[in-house]
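Below is one structure; the comments refer to it alone.
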Amino acid sequence: MKKLLSYTVASALISSSLMGASPALAEKASHLSSINGKDAWGAEQALKERGFKHVSSHKNTRGYVNSYWWDKDDDNCIRVEVYNDTVESIIDAKDSDCGKSGGNTAAAVGAVAGLALLGAVLASKSHHKGDKNYNQQEEAEFDRGYKDGLYNASYHNYGRSDAYSHGYEVGVDERNANLSHHHNRGGYAEVAQYKDLQGARAAGAMDELNRRGFTQVDNFTSGNARYSIQWRRQSHQCLQAIVANGRIDDIRDIHTHPRCR
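Per mature numbering (1 follows the signal peptide of the UniProt record, and there is no 0), the sequence shown runs over residues -20 to -1, 1 to 241.
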């Protein structure tokens, strides 16, 4: 439940920033350390006061939201990392990460603004590559793989490039994060929500699953984790919930189990 809330608030941070802000003296990331630890809403207000405008955002399957912010008066691009509704870090980013590559930055910002919540931005971002230091050709291959993975195109690594493979993996990860609300089912059949229970306290989550029509059909332990198999006959959903340290560490539809029938 908390992870869902964190992304919702982080999304509010991103989208509401598009409303504009009063001009102010912008600062480099090293001078923005006071924003670290703020909640998403407070950070959004602080960035607006300093003259920053939102450019794009990207969520991964671990629940982190990376957003890019640009100050046109200072020609400064920063990256803000939010997790669990809290700013984890603010660092300086490349101008190209904010759409500044010798063209009209304002036009670039406007072009991606409507896509911010989906993370569907064509340009690759620094945080995607991790600690990889690609040359120009490898970066082009990474970008091609990233776009293919993000838009669910077939894997087409005709150059047998590690950079393409890495980019495709990152694109798939972001696509899955953006579609975390989806049940991987089509048609009109009603299904029950469950992904919002990731990270919730186990006792309350199990009660909530029961209220949503699930019945526990199997229960076992492995190491320090407890596994619960939940079945909902109306929608043929068969969930596996892993409980660790009193919380739902992982919950997913495994589709089939000997007792899900």
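C-beta: ideal position from N, C-alpha, C; glycine also.
A quick note: this is a predicted structure, and the numbers were derived from the prediction, not measured.
Check	Outcome
Where D54 sits in the DSSP three-state scheme	coil
Pick from A182, K52, G151, E119 that is closest to N225, judged by C-alpha positions	A182
Span of the beta strand (DSSP E) around S145	Note, S145: premise wrong, no beta strand (DSSP E); alpha helix (DSSP H) at 142 to 158.
Start and end residues, alpha helix (DSSP H) containing D19	No alpha helix (DSSP H) holds D19; DSSP gives it neither H nor E.
In DSSP terms, what T66 is bridged to	D19, Y63
Contiguous beta strand (DSSP E) assignments of at least 3 residues, all confined to the stretch 168 to 232	195 to 202, 205 to 212, 217 to 224
Whole-angstrom distance between N113 and V171, CA atom to CA atom	44 Å
Exposure label - Y48; buried when at least 16 CB within 10 Å	buried
Close-in-space but distant-in-sequence residues of the same chain around Q217 (CB under 7 Å, 5 per side omitted)	V171, A172, D233
DSSP state of S13 mapped onto helix, strand, coil	helix
7 Å CB neighbourhood of N40 in its chain, flanking five on each side removed	D153, E154, A157
Exposure of A51, with buried meaning 16 or more beta-carbon neighbours within 10 Å	According to the sequence provided, residue 51 is Asp. The question's Ala does not apply to it. Its Cβ being crowded by 16 or more others within 10 Å, D51 is buried.
Nearest-angstrom Cβ-Cβ length linking W211 and V223, presumed shorter than 8 Å	Not confirmed; about 17 Å, so no contact.
Three-way DSSP call (helix, strand, coil) for K74 in this model	coil
G184 burial status per 10 Å Cβ neighbour count (16 or more: buried)	exposed
Whole-angstrom distance between E29 and L159, CA atom to CA atom	32 Å
For K127, the first and last residue of its enclosing alpha helix (DSSP H)	116 to 130
Neighbourhood of N137 by C-beta, 8 Å cutoff - its chain only, sequence neighbours within 5 removed	G125, Y144, S145, Y148
Per DSSP, cross-strand counterpart(s) of Y48	S36, R59
S13 versus F32 - alpha carbon distance	15 Å
Integer-rounded CB distance, given that R227 should sit under 8 Å from G179	6 Å
For I71 and N16, believed in contact at Cβ under 8 Å, the rounded distance	That pair is no contact at about 11 Å.
Cβ-Cβ distance between V45 and V62 below 8 Å	yes
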